[in-house]
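Visitor:
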Amino acid sequence: MSKGIVLVVDDEAQIRDILGFYLKRAGYQVLTAENGNEALEVMGKVQPDLILSDLRMPGMAGDEFCRIIKGGPETRDIYFVLVSAMDGSATKIGGLNLGADDMIAKPFHAQEVMAKVESAFRIIGMQKEIKRQNLELTGFQDRMTTELAIAARLQMGLLPSLPGAAPGFRYTHRYLPAEGIGGDIYSIVPLVDGSLALLIADVSGHGVTAALISAMVKTSFESHVRPGGNPLSWAVGMNRDLARNTLSEQFATAFLARIDPSTGAMQYVVAGHVGPIHIPNGAQGGLHRPHVLAGHGFMLGIEEDLPFEEKSAKFDHGDRLVLFTDGLVEVEREDRKLLGEDGLLRLCAELPQSEEAASDFLVNAAKSFNDPAPFVDDVTLVILDRV
Numbered sequence: 000m001s002k003g004i005v006l007v008v009d010d011e012a013q014i015r016d017i018l019g020f021y022l023k024r025a026g027y028q029v030l031t032a033e034n035g036n037e038a039l040e041v042m043g044k045v046q047p048d049l050i051l052s053d054l055r056m057p058g059m060a061g062d063e064f065c066r067i068i069k070g071g072p073e074t075r076d077i078y079f080v081l082v083s084a085m086d087g088s089a090t091k092i093g094g095l096n097l098g099a100d101d102m103i104a105k106p107f108h109a110q111e112v113m114a115k116v117e118s119a120f121r122i123i124g125m126q127k128e129i130k131r132q133n134l135e136l137t138g139f140q141d142r143m144t145t146e147l148a149i150a151a152r153l154q155m156g157l158l159p160s161l162p163g164a165a166p167g168f169r170y171t172h173r174y175l176p177a178e179g180i181g182g183d184i185y186s187i188v189p190l191v192d193g194s195l196a197l198l199i200a201d202v203s204g205h206g207v208t209a210a211l212i213s214a215m216v217k218t219s220f221e222s223h224v225r226p227g228g229n230p231l232s233w234a235v236g237m238n239r240d241l242a243r244n245t246l247s248e249q250f251a252t253a254f255l256a257r258i259d260p261s262t263g264a265m266q267y268v269v270a271g272h273v274g275p276i277h278i279p280n281g282a283q284g285g286l287h288r289p290h291v292l293a294g295h296g297f298m299l300g301i302e303e304d305l306p307f308e309e310k311s312a313k314f315d316h317g318d319r320l321v322l323f324t325d326g327l328v329e330v331e332r333e334d335r336k337l338l339g340e341d342g343l344l345r346l347c348a349e350l351p352q353s354e355e356a357a358s359d360f361l362v363n364a365a366k367s368f369n370d371p372a373p374f375v376d377d378v379t380l381v382i383l384d385r386v
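The following block contains the structure:
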């Protein structure tokens, strides 16, 4: 089996014969040509791995031949060695400036040429392996990009359909995953008694793993709210599900609520999450006094038997609830300042009446405050109005 293909280009037949003899004996396939023009004709049929070319030849000389080879997208990676009768560093530098990979001075020893060839083929072998690995990596990246795009579409399908419509409520969301797919999730489920079950959650980490766990969080939430119950029982059940089915370092923060539209009573559990902002009469737009719903508790999924605390609040007609994940407020600018919950509270003091316009206002204001720092965490914003 041939160790590789070498093209010898020289106007002297004796040199072609000598080099051809040693190369064939070493196991290489040898092609020959008298000058650059003839070499290009030969290469039209077979492309070599390495070219040994004299510099001075009638017709097309070695320097022009080298420029053509190194300038062609299909031939520029061929290892090119110029053979020159002129000695000295200036000549060698000039040859390398032409794009040649190496140079050999005439008169040469056959052993020197063979040593150069063996060294060149070790480099050629490494280059081929790098190309092969790059092709594999490119193929893997293409497959991953395609799969992530599919996963991102599937994850978007987990979010409630917009425009939001539930009896007595109106809502919208803004979902900005940091890596195309992320660990934030929210769900709004109308219950059979007319109440509204509400979840917003933020899974630790980013990317595919966080997205898988976020889907688990949503599934667990919806399975626990369908039979009824209250946010405390939902939190206990979801915590048990996550603790049993995720790794110890994986967890989720969450806010769970149940709103009774007939009375305006809202029961809720804060499980390690940032408390949502309640704006009395906020659905009317204008200037208001927003406040953060009080509460704190353990994150979901750490241990099976963690205790949770349920709280209550009023959510009357015309009220607005702003739910968000910490990615919206925890971007550190160059001056090390954060928007923070206090900054978001100030922004919520005067929002447009439309929940769509209010959502755009908050996201754009957060981006402007953080500029030039981008969002580095998943960002989810939900605005729920009682109408």
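Each residue of the sequence shown is one higher than the one before, counting from 0 in numbering that gives the first Met the number 0. Glycine residues also receive a C-beta, built at the ideal position from the N, C-alpha and C atoms.
#1: Kindly give me the distance between the Cβ atoms of PRO260 and GLY193, rounded to whole angstroms, as I take these residues to be in contact under 8 Å.
#2: Quick check on LEU286: buried or exposed, where buried means 16 or more other Cβ atoms within 10 Å of its Cβ?
#3: Going residue by residue through the segment 180-214, where are the continuous beta strand (DSSP E) segments of at least 3 residues, counting only ones entirely within it?
#4: According to DSSP, simplified to helix, strand and coil, what is SER311?
#5: List the endpoints of the continuous beta strand (DSSP E) containing PHE323.
#6: Does the distance from the CB of GLU303 to the CB of ARG239 come in under 7 Å?
#7: Which residue comes first and which comes last in the beta strand (DSSP E) that contains TYR174?
#8: Between the alpha carbons of ILE77 and ILE4, how many angstroms are there, rounded?
#9: Residues in the same chain with beta-carbon distance under 6 Å from ALA89, minus the five sequence neighbours each way, listed in chain order, please.
#10: Determine contact between the segment 270-288 and the segment 216-225, defined as no fewer than three beta-carbon pairs at a distance below 8 Å.
#11: Drop a sphere of 10 angstroms on the beta-carbon of PHE20, count the other beta-carbons inside from all chains shown, and report buried for 16 or more, exposed for fewer.
#12: With C-beta atoms as the reference, is ALA242 less than 7 Å away from VAL216?
#13: Are the beta-carbon atoms of GLY294 and LYS310 separated by less than 7 Å?
#14: Where does HIS287 fall in DSSP's three states?
#15: For ILE4, which three-state DSSP category applies?
Guide: Taking the definition as stated:
#1: Counted from its first residue, the sequence shown places residue 260 at position 261. Counted from its first residue, the sequence shown places residue 193 at position 194. PRO260 to GLY193, Cβ: 6 Å. Contact.
#2: Locating residue 286 in the sequence shown gives position 287, counting from the first residue. Exposed, since its Cβ has fewer than 16 Cβ neighbours within 10 Å.
#3: 183-189, 195-202
#4: Working through the sequence shown from its first residue, we reach residue 311 at position 312. It is a strand residue.
#5: On the sequence shown, residue 323 is found 324 positions in, with the first residue counted as 1. First-last of the beta strand (DSSP E) with PHE323: 319-323.
#6: Taking the sequence shown and counting its residues from 1, the one referred to as residue 303 is at position 304. Taking the sequence shown and counting its residues from 1, the one referred to as residue 239 is at position 240. Cβ atoms of GLU303 and ARG239: closer than 7 Å.
#7: Here residue 174 refers to the residue found at position 175 when the sequence shown is read from its first residue. Run containing TYR174: 168-175, per the beta strand (DSSP E) assignment.
#8: The residue labelled residue 77 in the question sits at position 78 within the sequence shown. The residue labelled residue 4 in the question sits at position 5 within the sequence shown. Each residue's Cα considered, the two are about 11 Å apart.
#9: The residue labelled residue 89 in the question sits at position 90 within the sequence shown. Caution is warranted here: a pLDDT of 42 is assigned to ALA89, below 50, making its placement in the model unreliable, and no coordinate value can be reported.
#10: no
#11: Your numbering for residue 20 matches position 21 in the sequence shown. Exposed, since its Cβ has fewer than 16 Cβ neighbours within 10 Å.
#12: The residue you call residue 242 lines up with position 243 of the sequence shown. The residue you call residue 216 lines up with position 217 of the sequence shown. Cβ distance not < 7 Å, so ALA242 and VAL216 don't count as in contact.
#13: Residue numbering aside, residue 294 sits at position 295 when the sequence shown is read from its first letter. Residue numbering aside, residue 310 sits at position 311 when the sequence shown is read from its first letter. Yes, these two residues count as a Cβ contact at 7 Å.
#14: If you number the sequence shown from 1, residue 287 lands on position 288. In this structure, HIS287 counts as coil in the three-state DSSP scheme.
#15: Here residue 4 corresponds to residue number 5 of the sequence shown, with the count starting at 1. In this structure, ILE4 counts as strand in the three-state DSSP scheme.
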